[in-house]
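Undergrad: Attaching a single structure in structure tokens format; questions to follow.
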Amino acid sequence: MKITTTLTGYEVSAILDCMDTKITALNNVLESEDFDSDLLDSCKLEIEKCKNLILKLSLKAPLTPH
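Residue numbers are given in this note's numbering: position 40 of the sequence shown equals residue 45, and the series is strictly consecutive.
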């Protein structure tokens with residue numbers, strides 16, 4: 006699914022902050038020793054999706070608030 010929308014720099018910054026927080030949380034899960042291989046794969050995939058979104062948003066929108 007592809008959605009096209011217009012975001013302000015502030016909105017993009019907020020999304021980027023959320024993605025950074027999500028990556029940090031997922032990395033914390035990976036650093037714990039209480040997970041199975043499916044969870045490990047799921048976390049790695051989710052981190053990659055977050056990083057890709059961050060890259061797309063960073064390239065397509067200004068990062069300073071308007």
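For each residue, glycine too, the CB sits at the ideal point set by N, CA and C.
Quick check: what's the CA-CA separation for Asp39 versus Cys48?
TA: Those two C-alpha atoms are separated by around 13 Å.
Undergrad: How long is the line joining the alpha carbons of Cys55 and Tyr15, rounded to whole angstroms?
TA: Approximately 18 Å, taken between the alpha carbons.
Undergrad: Buried or exposed: Ile52, going by 16 or more other Cβ atoms within 10 Å of its Cβ?
TA: Its Cβ being crowded by 16 or more others within 10 Å, Ile52 is buried.
Undergrad: Check whether the Cβ atoms of Ser63 and Leu31 sit closer than 9 Å, and answer yes or no.
TA: Contact flag unset, no.
Undergrad: What three-state label does DSSP hand Asp39 in the structure shown?
TA: In the structure shown, Asp39 sits in coil (DSSP, three-state: anything other than H, G, I, E or B).
Undergrad: Here's a check: name, in chain order, each residue in its chain whose Cβ is nearer than 6 Å to the Cβ of Asp25, leaving out the five neighbours to either side.
TA: Closer than 6 Å at the Cβ level, and outside the excluded window around Asp25, lies no residue.
Undergrad: So, using beta-carbon positions, are Val34 and Leu44 closer together than 9 Å?
TA: In contact: Val34 and Leu44 (Cβ atoms closer than 9 Å).
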